[in-house]
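Beneath this line is the structure, given in structure tokens, with notes to follow.
Protein chains: 2
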Amino acid sequence: MENKITRIVIVEDNEVVKDGFALLLNSIEEYHVVNSYVKCEDALKNLKNDQPDIILMDLELPGMHGIEGIQRIKKEIPDLNIIVITVHEDSELVFQALCAGASGYITKTANYSSLLEAINEIKAGGAPMSSRIARMVVESFQKNQDSPLTKRETEVLELLSKGKSYSIISEELFIHKETVKSHIKNIYFKLQVHSKAEAIEKALKEKLI
Amino acid sequence: MENKITRIVIVEDNEVVKDGFALLLNSIEEYHVVNSYVKCEDALKNLKNDQPDIILMDLELPGMHGIEGIQRIKKEIPDLNIIVITVHEDSELVFQALCAGASGYITKTANYSSLLEAINEIKAGGAPMSSRIARMVVESFQKNQDSPLTKRETEVLELLSKGKSYSIISEELFIHKETVKSHIKNIYFKLQVHSKAEAIEKALKEKLI
DNA sequence: AAAACTATACACCATATTGGGGTAAATTCT
DNA sequence: AGAATTTACCCCAATATGGTGTATAGTTTT
Numbered sequence: 001m002e003n004k005i006t007r008i009v010i011v012e013d014n015e016v017v018k019d020g021f022a023l024l025l026n027s028i029e030e031y032h033v034v035n036s037y038v039k040c041e042d043a044l045k046n047l048k049n050d051q052p053d054i055i056l057m058d059l060e061l062p063g064m065h066g067i068e069g070i071q072r073i074k075k076e077i078p079d080l081n082i083i084v085i086t087v088h089e090d091s092e093l094v095f096q097a098l099c100a101g102a103s104g105y106i107t108k109t110a111n112y113s114s115l116l117e118a119i120n121e122i123k124a125g126g127a128p129m130s131s132r133i134a135r136m137v138v139e140s141f142q143k144n145q146d147s148p149l150t151k152r153e154t155e156v157l158e159l160l161s162k163g164k165s166y167s168i169i170s171e172e173l174f175i176h177k178e179t180v181k182s183h184i185k186n187i188y189f190k191l192q193v194h195s196k197a198e199a200i201e202k203a204l205k206e207k208l209i
Numbered sequence: 001m002e003n004k005i006t007r008i009v010i011v012e013d014n015e016v017v018k019d020g021f022a023l024l025l026n027s028i029e030e031y032h033v034v035n036s037y038v039k040c041e042d043a044l045k046n047l048k049n050d051q052p053d054i055i056l057m058d059l060e061l062p063g064m065h066g067i068e069g070i071q072r073i074k075k076e077i078p079d080l081n082i083i084v085i086t087v088h089e090d091s092e093l094v095f096q097a098l099c100a101g102a103s104g105y106i107t108k109t110a111n112y113s114s115l116l117e118a119i120n121e122i123k124a125g126g127a128p129m130s131s132r133i134a135r136m137v138v139e140s141f142q143k144n145q146d147s148p149l150t151k152r153e154t155e156v157l158e159l160l161s162k163g164k165s166y167s168i169i170s171e172e173l174f175i176h177k178e179t180v181k182s183h184i185k186n187i188y189f190k191l192q193v194h195s196k197a198e199a200i201e202k203a204l205k206e207k208l209i
């Protein structure tokens with residue numbers, strides 16, 4: 001069923017890593033590294049010619065940062081699969097890359113076989129990630145277990161964060177508008193804030209909602 | 001380094017599946033299925049005695065739904081790892097389970113070896129998921145590529161969704177308050193809405209922000 | 001049983017915010 | 001050059017917000 005060759009482009013400023021990956025991938029029959037670049041800009045310029053199915057890219061690059069590169073590449077060819085390959089595992093970068101459009105995120109510490117696995121995984125419609133990154137991603141869905149807010153207060157704050165007014169919240173929760181105000185007063189006190197925006201910001205940061 | 005036996009609890013109403021899993025896992029030296037239940041309620045009751053390291057659970061169960069079960073279990077023992085094993089792959093359930101506290105989500109169509117892989121993955125601090133689910137999870141971070149909103153409008157709407165007022169938004173973007181109003185008017189027109197709450201709701205649903 | 005917390009509800013008040021109407025110049029992209 | 005985007009301004013009325021303060025019924029914890 002797989003008779004088509006998978007066209008791969010590499011964007012990586014470390015020449016050793018870049019050439020090592022290319023050599024490895026080219027040694028496999030169904031993969032073909034059509035080009036490899038040191039800068040996003042060059043990869044972008046040649047996107048139309050290279051016609052890659054998959055791009056492997058680093059984030060720290062000379063010139064344009066990889067995050068922006070991902071955004072631009074996905075804008076050009078939305079269906080293209082991008083796998084980030086970097087040394088950094090800090091959550092900010094990971095989420096930025098995923099938001100920008102990356103479909104996978106593995107670390108350079110990964111050995112060759114897991115690189116190949118990642119590419120197979122992408123081809124199978126998956127989203128390859130290292131264990132730690134997968135866990136980070138999954139945990140990003142979970143709320144802070146020891147929130148200072150009660151269940152009701154959390155509900156109120158959740159609706160507030162959806163832009164709803166006190167009156168609308170009171171209607172949706174079947175309580176009096178003044179009750180909503182009371183809850184909000186308590187929320188502000190507990191979070192030590194004095195406005196909607198501060199409360200939402202703090203709640204999002206601490207994953208209370 | 002792994003000399004401790006991993007204690008596993010299974011919650012699954014299909015007796016064949018439940019006993020099959022238990023048999024398989026017990027056949028491996030370092031795993032021990034301490035108990036298996038048909039209902040969440042029973043698993044919860046015996047949590048303290050069972051002292052599981054990992055719980056495998058189905059979502060469709062007689063009595064309490066698995067999603068609520070996960071919440072309660074995590075409330076009791078926050079560090080416990082729960083792997084959901086179900087036939088359903090629809091996004092709503094997946095995200096609900098992850099939000100409730102599941103650390104992994106695989107489908108029953110998975111073969112035995114991938115079940116074992118999942119357990120190893122969890123023990124290694126990862127988050128086992130099937131390819132399709134991993135992709136769904138990763139895609140949940142990504143915005144709708146063809147948003148009707150301009151870049152600036154998206155920025156404004158993003159700040160609005162954080163509860164910020166027109167004045168605060170204008171300060172943060174270094175533009176006049178009236179300009180913010182103009183953007184918001186255009187946003188409302190494009191999204192065909194007439195209030196902040198509607199705009200945010202629609203934007204979240206269509207992943208414009 | 002007492003104490004603490006939670007959810008509920010109400011009043012008053014000044015200020016800020018919002019949404020609707022309109023217009024229009026400067027800038028950037030195609 | 002024309003289109004789209006971003007910027008900025010005016011008027012106005014209704015609504016929302018945040019800060020006071022009080023109070024009661026129910027639940028949970030000690």
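Just so you know, the protein sequences line up as chains D and V, in that order.
According to full-length UniProt numbering, the stretch in the first sequence is residues 1 to 209, in order.
According to full-length UniProt numbering, the stretch in the second sequence is residues 1 to 209, in order.
No residue lacks a Cβ here, since even glycine has one placed at the ideal position from N, Cα and C.
Remember, predicted model here, so these are calculated numbers, not experimental data.
Quiz item: Thinking C-alpha only, which one of V:Val34, V:Thr150, V:Pro78 is nearest Gln145 of chain D?
Solution: V:Pro78
Quiz item: Skipping 5 residues on each side, what residues in its chain have a beta carbon closer than 7 Å to that of Ala22 of chain D?
Solution: Ile10, Val33, Ser36
Quiz item: Counting only runs that start and end within the UniProt domain "Response regulatory" (7-123) of chain V, where is the beta strand (DSSP E) found for 3 or more residues in a row?
Solution: 31-37, 54-57, 81-86, 104-107
Exercise. Kindly indicate which residue of D:Ser182, D:Glu139, D:Leu173 has the alpha-carbon position closest to the one of Ile122 of chain V.
Key: D:Glu139
Practice problem: Under 9 Å between beta-carbons, which chain V residues line up against Arg152 of chain D? List them in chain order, please. | Solution: Neighbours of Arg152 of chain D on chain V: none; closest Cβ ~16 Å, over 9 Å.
Practice problem: With distances taken Cα to Cα, identify the nearest neighbour of Val87 of chain V among V:Lys48, V:Leu61, V:Ala100, V:Gly69. | Solution: V:Leu61
Quiz item: Is it right to say Tyr105 of chain V is buried, meaning 16 or more other beta carbons lie within 10 angstroms of its own, or is it exposed?
Solution: buried
Quiz item: Smallest Cα separation from Glu76 of chain D: which of D:Thr109, D:Ala100, D:Ala110?
Solution: D:Ala100
Quiz item: Going straight from the alpha carbon of Asp58 of chain V to that of Ala110 of chain D, what length do you get?
Solution: 33 Å
Quiz item: Nearest chain V C-beta to Lys162 of chain D closer than 9 Å, yes or no?
Solution: yes
Exercise. Flag Lys143 of chain V as yes if its beta-carbon sits less than 9 Å from any beta-carbon of chain D, otherwise no.
Key: yes
Practice problem: Please determine if the stretch 183-194 of chain D and the stretch 147-166 of chain D are in contact, where contact requires at least 3 C-beta pairs separated by less than 8 Å. | Solution: yes
Quiz item: Ends of the alpha helix (DSSP H) at Thr179 of chain V?
Solution: 177-191
Quiz item: How long is the line joining the alpha carbons of Ala43 of chain D and Gly125 of chain D, rounded to whole angstroms?
Solution: 23 Å
Exercise. Could you tell me which residues DSSP pairs with Met129 of chain V in its beta bridges?
Key: V:Tyr105
Quiz item: alpha helix (DSSP H) containing Ile169 of chain D: first to last residue?
Solution: 166-173
Practice problem: Using a cut-off of 8 Å between C-beta atoms, extract the partners of Pro78 of chain V located in chain D. | Solution: Gln145
Exercise. Can you give me the start and stop residues for the alpha helix (DSSP H) that Thr154 of chain V sits inside?
Key: 151-160
Practice problem: Measure from the C-beta of Gly104 of chain D to each C-beta in chain V and report whether the shortest distance is under 9 Å. | Solution: yes
Practice problem: Output yes if chain D places a C-beta closer than 9 Å to the C-beta of Lys190 of chain V; else output no. | Solution: no
Self-check item: Cutoff 9 Å: Glu201 of chain V Cβ touching any chain D Cβ
Solution: yes
Self-check item: Sequence-distant residues of its chain with Cβ nearer than 7 Å to Pro52 of chain D (five each side left out)
Solution: Arg7, Ile8, Val9, Val34, Leu80
Exercise. Please check if any C-beta of chain V sits within less than 9 Å of the C-beta of Arg132 of chain D.
Key: yes
Quiz prompt | Classification of Glu12 of chain D by the beta-carbon crowding that lies within 10 angstroms, buried from 16 upward | solution = buried
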